[in-house]
Every structure is written in C-alpha cells, then in structure tokens.
Amino acid sequence: MTKGRSSKNYPPPRLVVPRKEAFRKIKRQIDTGHEIKNQRIFSMMDLETARERRTEWVEDNTQMLSRLLSNPSFAEEYRMGVSSDMDTGMTLEGTGQQFRQDINEQIRTLESLVERMKLLPDPQTQEAAEPQLQEKPVVEELLEEEEIREVKSGEEPPRKKAPKEEPPREVPQKREPLKKEPPSAVVPNQRQSSGANILLIHGRDEAVKESVVRFIEKMGLRATILHEQPDEGTNIIEKFGERSQITFALILMTPDDIAAPRDNPKEGKVRVSQNVAFEFGYCVGKLGHKRVCALCTEGVEIPWDYPGAVYVPMDPRGGWRLLVAKEMKQAGVEIDLNKAI
Numbered sequence: 319m320t321k322g323r324s325s326k327n328y329p330p331p332r333l334v335v336p337r338k339e340a341f342r343k344i345k346r347q348i349d350t351g352h353e354i355k356n357q358r359i360f361s362m363m364d365l366e367t368a369r370e371r372r373t374e375w376v377e378d379n380t381q382m383l384s385r386l387l388s389n390p391s392f393a394e395e396y397r398m399g400v401s402s403d404m405d406t407g408m409t410l411e412g413t414g415q416q417f418r419q420d421i422n423e424q425i426r427t428l429e430s431l432v433e434r435m436k437l438l439p440d441p442q443t444q445e446a447a448e449p450q451l452q453e454k455p456v457v458e459e460l461l462e463e464e465e466i467r468e469v470k471s472g473e474e475p476p477r478k479k480a481p482k483e484e485p486p487r488e489v490p491q492k493r494e495p496l497k498k499e500p501p502s503a504v505v506p507n508q509r510q511s512s513g514a515n516i517l518l519i520h521g522r523d524e525a526v527k528e529s530v531v532r533f534i535e536k537m538g539l540r541a542t543i544l545h546e547q548p549d550e551g552t553n554i555i556e557k558f559g560e561r562s563q564i565t566f567a568l569i570l571m572t573p574d575d576i577a578a579p580r581d582n583p584k585e586g587k588v589r590v591s592q593n594v595a596f597e598f599g600y601c602v603g604k605l606g607h608k609r610v611c612a613l614c615t616e617g618v619e620i621p622w623d624y625p626g627a628v629y630v631p632m633d634p635r636g637g638w639r640l641l642v643a644k645e646m647k648q649a650g651v652e653i654d655l656n657k658a659i
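According to this note's numbering, the sequence shown is numbered sequentially starting from 319.
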C-alpha cells in the first residue's frame with residue numbers, strides 16, 4: 319500500500335461548502351464504509367461483490383473530496399492510500415481479514431482529513447473551527463477519539479477554572495481509593511504501572527494470556543482481568559460497571575470449544591468459549607467498537623457479528639503487538655509506539 323501526501327504543489331486548500339455540510343457528507347461515506355466492511359463473506363463470490371462495492375465507495379470518496387475543497391490535494395492524498403486488490407494466495411478467511419483491514423485504513427484516512435478540515439476557514443464565517451460542542455453532534459462518530467481524550471484529560475479543567483473550584487474535585491479523589499483499592503490489589507499488573515487501564519478478556523489458553531499481559535506491561539499500561547477480581551456476589555457485568563475507568567478492551571480469541579451443526583456433527587469448527595463471545599459483545603456495546611480489539615490465534619472461527627470490531631491475527635513473529643498498539647493509539651490511549659517494536 320502506498321501512502322503519503324500528494325507530490326504536486328497545490329496552494330492551501332479552501333472549503334467551498336459549509337464545514338458542517340462537509341462533515342455530514344464524510345460521515346455518510348464512513349458509515350457506508352463500515353457497512354461494506356461488516357458484510358458477511360462466505361465465498362469468493364461474496365468477496366468479489368464486496369470488492370466491487372468498495373471500488374465504487376472509493377470512487378465516490380475521491381469525487382466527494384474533490385467537490386468539498388478548492389483543489390484536489392485531499393482527494394489525491396486519499397487515493398494514494400488505497401490498496402489494490404491482489405491475489406496473495408491467502409485463504410478466503412485471510413483475504414477477508416485483509417479486505418476489512420484495508421477498509422479500516424481508508425476510514426482512518428477520512429477521519430484524519432476531517433481533523434485537518436477543522437483548521438480550514440468556514441466559507442460562511444471565514445473562521446476556523448472553534449468550540450467542538452457545535453460540531454460534535456454532526457461528526458460524533460468521526461471525532462470519538464477527541465471525546466475520549468476530553469474524558470481522560472482530567473488535569474485540564476483545573477487549569478482553566480478558578481482555584482475556588484479545585485477543592486470539590488479533590489474530595490472524590492480522596493474517597494474513591496478507599497473503596498476501590500482493595501479489589502484492585504488482586505491484580506498485580508495494576509500495581510506495576512500507572513498507565514491507562516486495559517481490560518483483558520481471555521479463554522483457556524494461559525500461555526497466550528500471559529504473553530498479552532507482558533505486552534500490556536511493556537507498553538506501560540495496566541491489565542485488568544475481571545476473572546481474577548473477587549466475586550463479592552457480582553457477575554461480569556457488575557464487575558465491569560465497578561471499573562468504569564477502563565479505556566480499552568483486548569479480547570483473546572483462542573480455540574477453546576468445538577461447535578458443529580446438530581444435523582451434521584462432523585462439520586465441527588473451533589471457536590472461542592461462550593463466555594468470551596458474550597463478553598466480547600458486551601465490551602463492544604459498553605466501550606464502542608473503536609475501543610475494542612480482538613486478538614485471534616490461528617484456526618479459531620471469527621465471529622463477524624460485531625459491527626466495526628477490529629480483528630488482529632496473532633502471528634508467531636509478534637507483529638500483532640504493533641497493530642494492537644496502533645489501535646490503542648487511535649482510540650486515544652497515550653502510549654509510545656516504539657515500545658511495541
């Protein structure tokens with residue numbers, strides 16, 4: 319895949335339509351991209367149909383960007399990041415995963431262009447974007463990363479507010495540790511790092527779990543494993559609710575069970591345990607698909623029922639670490655990508 323900005327020397331682009339209208343058009347195209355990415359692929363015919371839809375979608379995106387701005391610099395930059403469909407000799411499942419990853423990259427490019435458009439003057443007001451409260455409802459899906467960053471930046475409000483408002487913020491900070499320190503102490507990883515809190519959902523493969531825990535620690539993050547927390551009469555949903563500080567979830571998809579159609583028991587497929595599948599869906603609903611990533615070991619059946627969820631294959635060479643780190647970074651988790659190399 320070739321990426322980069324246009325090599326032509328265009329003057330700085332200008333929006334030729336109101337900013338909100340531009341954001342609405344791009345959001346509509348991003349929604350279409352998610353629809354194409356999430357359609358089920360069971361055969362080569364399904365794959366070819368999906369590829370045709372993607373080709374039309376890419377063409378629409380290119381034309382749209384050309385019409386929104388005074389020059390084609392953004393359109394050409396987007397086009398340079400589009401990969402071509404090549405027969406790599408991979409299985410249908412592997413090709414399907416690559417297809418979805420390619421669309422994810424194109425969606426991220428559109429989101430990046432939106433961020434830069436916010437700095438361009440609006441043709442109606444001749445002003446760059448200021449308060450995001452006016453535009454967030456329009457591009458809520460596109461700018462979710464900024465919403466996460468606003469929630470996480472707990473140090474910013476005290477800087478902006480008068481000193482008289484600081485004491486009320488200190489009161490809950492003194493009380494909350496009294497309630498939450500005892501259960502948190504059960505997870506050793508949380509005592510070793512002060513970084514973001516990463517929820518780890520796993521099956522029966524302890525070796526894979528330990529490998530991912532070490533990766534999380536290396537990135538300077540905290541690993542929370544709900545199964546290692548004291549029950550106290552609570553179920554998994556209640557435990558999750560008590561730890562609302564979780565910023566990202568990693569789902570370990572390991573071959574734990576074998577499932578087969580009742581009328582044809584010989585057609586069994588290896589899949590994750592049912593509790594992992596349930597918790598996967600719950601995390602997507604609770605955190606949003608951009609803050610959930612599934613790590614898949616070889617041979618496990620991939621459920622495509624969770625729209626927008628990202629699936630990363632766990633390759634033996636460890637390339638998955640950088641891919642997962644990039645997903646975390648994209649979701650607003652503050653990390654150093656160099657630690658994943």
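Heads up, the beta-carbon is just placed ideally off N, CA and C, and yes, glycines get one too. Since this is a predicted model, take the numbers as computed values, not measurements.
Counting along the chain, the unbroken alpha helix (DSSP H) around Asp420 starts and ends at Leu410 to Met435. Only exposed fits Thr443, as fewer than 16 other CB atoms lie within 10 angstroms of its CB.
Secondary-structure assignment with DSSP links Ile354 through no beta bridge to anything. Asn356 and Arg418 have their alpha carbons spaced roughly 8 Å apart. Here Ser402 is exposed, its C-beta having fewer than 16 other C-beta atoms within 10 Å. Annotated three-state conformation of Val334 is coil, per DSSP. In the displayed model, Lys584 falls within coil according to three-state DSSP, outside both helix and strand. In the structure shown, Thr380 adopts helical secondary structure according to DSSP, grouped into three states.
When the Cα atoms are used, Val590 and Ala525 turn out to be separated by approximately 15 Å. For Leu517, the enclosing beta strand (DSSP E) has its first and last residue at Asn515 to Ile519.
The alpha-carbon of Pro330 is positioned some 18 Å away from that of Leu428.
If you check the CB distance, Arg332 and Ser388 come in under 8 Å. For Tyr629, no alpha helix (DSSP H) run applies; the uninterrupted beta strand (DSSP E) run containing it begins and ends at Val628 to Pro631, by DSSP.
In terms of CA proximity to Arg358, Glu411 leads the group Glu411, Ile348, Asp349 and Lys657.
The beta carbons of Leu568 and Val642 sit about 7 Å from each other, so the pair counts as a contact at 8 Å. Here DSSP, grouped into helix, strand and coil, assigns Phe360 to coil. If you look at Val610, you'll find it in the beta strand (DSSP E) that goes Val610 to Cys614.
In this structure, Met571 sits away from Val531, with a CB-CB distance that is not shorter than 8 Å.
In the DSSP assignment, Arg639 falls within the unbroken alpha helix (DSSP H) covering Trp638 to Gln648. DSSP places Leu539 outside both helix and strand once states are collapsed to three, so it counts as coil. In terms of Cα proximity to Met382, the closest of Ala340, Val628, Ile659 and Gly637 is Ala340. In the three-state scheme derived from DSSP, where H, G and I count as helix and E and B as strand, Ala578 is classed as coil.
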